[in-house]
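Under full-length UniProt numbering, think of the first position of the sequence shown as 1, with each following residue one higher.
All residues carry an ideal CB built from backbone N, CA and C; glycine is no exception.
Here is the structure we will look at, set down as structure tokens.
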Amino acid sequence: MQTKTLLLATMASVASARFGQEGLIQSVIQALGAFGPPGAAGTLAGQTPSVLLAGASACAKLELADEIVATLGNDPQVIAGAAALVAAEKNFNPFAVDIPTICSNAALPATPELRGIIPLVDPAVDGADVQNANSAASLQAPLADAGLSVADISRAGGFENFEEQA
């Protein structure tokens, strides 16, 4: 019985360590308060948790990143904040599904400075090391997108263990 309790506690702590990451991105966007209309950064920051939840559309965070730039402007700090959202890991519930979702809409993100940035994925996913290294590199220098979707760019980079979502 003690072993089972310990195992359940360990599983719960590991699972909780992967959740709650959306707050990091929320604070990045919140910090952009000097840009755009008064209160706009806070409103946009408040939307970030919902687009990073496991059940959210993989394309929703790309749409929100475009909205951030459209609303707050294309200052390098705003672009960096929106890029952080594009690259952010979407929550992943390994108890419900076994692979992450990545946006397959080639029109997203529409902001040129955000194209070629790919998302992080849960490190427990097979192939995550390749995707996560490519994601980090894409934040430094966006990958060539040639009109491809984020899913296509991820696949071209060697990561195929995901479900496409339009």
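Rounded Cβ spacing between residue i and residue j (contact assumed at less than 8 Å)
i: Ala80; j: Leu120; result: Not confirmed; about 16 Å, so no contact.
i: Leu72; j: Phe35; result: 4 Å
i: Ala146; j: Glu164; result: Their Cβ separation, rounded to whole angstroms, is 18 Å, which puts Ala146 and Glu164 out of contact at 8 Å.
i: Leu139; j: Ala83; result: 6 Å
i: Val86; j: Val78; result: Contact flag wrong, Cβ pair sits at about 13 Å.
i: Ile118; j: Ser154; result: 5 Å
i: Ala65; j: Pro109; result: 5 Å
i: Pro123; j: Asn132; result: 7 Å
i: Gly33; j: Gly23; result: The Cβ separation is near 17 Å, so there is no contact.
Three-state class that DSSP yields for residue i in the structure shown
i: Glu63; result: helix
i: Ala9; result: Because the pLDDT at Ala9 is just 37, under 50, the model does not fix this residue reliably, and the point stays unresolved.
i: Gly42; result: helix
i: Ser154; result: helix
i: Pro37; result: coil
i: Gly23; result: helix
i: Ala54; result: coil
i: Leu32; result: coil
i: Leu72; result: helix
For residue i: DSSP bridge partner residues
i: Gln165; result: Cys103
### Query
What are the uninterrupted segments assigned as beta strand (DSSP E) that are 3 or more residues long and contained completely in the segment 76 to 150, given in chain order?
101 to 103
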